[in-house]
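Structure first, then comments.
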Amino acid sequence: MAPTSVSVVIPTFRRPELLRRCLHSLRHQTLPAEAYEIVVVDNGPDDDTARTVELFAAAFASRPDASSSVGPGPSVRYIVEEKRGLSYAKNAGATAAVGEIVAYLDDDALASPDWLRCVVAGFTEVEPPPYVVGGPVYPLLAGRRPAWFQDRYETASWGDHPRLLERGEYFYGANVAFRRDLLLRAGGFDPALGMKGTTLGFAEDAEVFERLRAATDGPLVSLYLPKAYVLHLIPEERVSPGYRLKRYFMIGQTKAVRDLRNPASRRWQVIGRATWRFARAVVAAIPRDHFPRHYASWAYEQGTYCALALGYLAGALGFRATVQRTH
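Here this note's numbering runs 142 ahead of the position in the sequence shown, where the first position is 1.
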């Protein structure tokens, strides 16, 4: 591959302190600094974000690389995408990237030290060569842990062993890398999906996998590597049951909107499916002979199923709600 084989693209929207921590995690990669660059895409330009990137770019240029103890760190570039939306920012980063691989990292995520080395090895040392490489996303709670909360609620993982993804599976957008040429050929991410500033949005990562499959001659080879993991920072306010139920409502609503956009779907079919899912979720939430031992966790889980199904039903009926990100 080229000297700069991978471009790390970090879309950000007015979270300079989280971005600072994210960039710091990239300072300690075991992949040689000359093999990667960092592209920060500012989707809500402000002086604090620009200053954060400027300071890190200067620090990276003047300090020794973590893996070799000599020489500068990776190059850091700052670009602005005025069109509001996470998908716009991701596409701008892919267009600006110089690496053959585009690796996406959320601004509230921390890359493990071997993250990039594992990603590059996945693309270069595996046969058949994959088009996409991704790894797990584990939660890192920033505040108090509620008694009912379990890590699996915020974990995105396909297991403990490397494997190829099956049809219908995809990687979470906080930790996924693509061959840049294929991503651009497929048209990038759908601007109608994903976050819009602080307004919650979803499914841009799932949708792009569908178009990538259509853009390849054969199967879309997607490699899962457990060692290529990142940590996702979860602020305390985002662990509240109310916020999380609203989030799942929005996920369900987005799924219905996507299904309605499918030319093979009829509205009455989507509404019928949505009604059945909601009824099934409500029935499943009714306790049987006794309350579960861990009642708080059980109640939360049943609530998310109902919120997801209700959001899907609302979306199928044409209802459009918006929920703001708390941080």
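Quick reminder that beta carbons are idealized off the backbone N, C-alpha and C, glycines included. Predicted, not measured: the structure shown is a model, and the values here were computed from it.
- Distances from the CA of I428 to each of G445, I413, W418 were compared; the closest alpha carbon is that of G445.
- In the three-state scheme derived from DSSP, where H, G and I count as helix and E and B as strand, L450 is classed as helix.
- By the Cβ-count criterion, T154 is buried, with 16 or more other Cβ atoms from all chains shown falling within 10 Å of its own Cβ.
- Excluding its 5 nearest sequence neighbours in each direction, V195 has C-beta neighbours in its own chain below 6 Å: V182, Y220, listed in chain order.
- Counting other Cβ atoms within 10 Å of its Cβ, G301 stays below 16 and is therefore classed as exposed.
- DSSP lists no bridge partner for N185.
- By alpha-carbon distance to V381, the top candidate from V222, L306, T468 is T468.
- The region 330-345 makes no contact with the region 294-309; the number of CB pairs closer than 8 Å stays below 3.
- Between the alpha carbons of A451 and L342 lies a distance of about 17 Å.
- In the DSSP assignment, P281 forms a beta bridge with H374.
- The C-alpha of S204 is placed about 39 Å away from the C-alpha of P270.
- For a cut-off of 8 Å, the C-beta gap from N317 to V279 is around 5 Å, short enough to register as a contact.
- For L367, the closest C-alpha among the options A263, T340, Q466, C448 is that of A263.
- Listed in chain order, the alpha helix (DSSP H) elements of length 4 or more contained wholly in the region 383-430 are 383-403, 409-426.
- Out of I376, D359, H303, A398, the CA that lies nearest to the CA of E349 is found in A398.
- Annotation: P405 to I376 spans about 37 Å, alpha carbon to alpha carbon.
- Contact check for G453 and I393: beta-carbon distance about 6 Å, within the 8 Å limit, so the pair qualifies.
- Of the residues assessed, H374 falls on the buried side of the cut-off, its CB having 16 or more other CB atoms within 10 angstroms.
- A239 sits in coil when the DSSP states are folded into three classes, being neither helix nor strand.
- Note that the C-beta distance between L165 and F198 is below 7 Å.
- Per DSSP, the continuous beta strand (DSSP E) segment holding T154 begins and ends at 148-154.
- The criterion of a C-beta distance shorter than 7 Å is not satisfied by V261 and A238.
- Under the DSSP assignment, L362 falls outside any beta strand (DSSP E); it carries neither an H nor an E label.
- In terms of Cβ geometry, S149 and V274 do not form a close pair [threshold 7 Å].
- By the C-beta density criterion, T358 is exposed, having fewer than 16 other C-beta atoms within 10 angstroms.
- Closest in C-alpha terms to G336, from the list R169, R321, A456, V465, comes V465.
- Comparing alpha-carbon positions, the option among W257, R163, D256 lying closest to A284 turns out to be R163.
- In the DSSP assignment, V262 falls within the alpha helix (DSSP H) that extends over 257-266.
- The shortest CA-to-CA distance from R156 to any of A175, S254, A192, Y178 is the one to A192.
- Rounded to whole angstroms, the separation of the alpha carbons of I243 and F320 is 6 Å.
- Under DSSP, the beta-bridge partners assigned to Q466 are T341.
- When only Cα atoms are considered, T297 and A370 end up about 14 Å apart.
- Nearest Cα to R259 within the set S229, D190, R294, Y178: Y178.
- Between the C-alpha atoms of G315 and L247 there is a straight-line separation of about 7 Å.
- S167 sits close to L252, with the two beta carbons spaced by under 7 Å.
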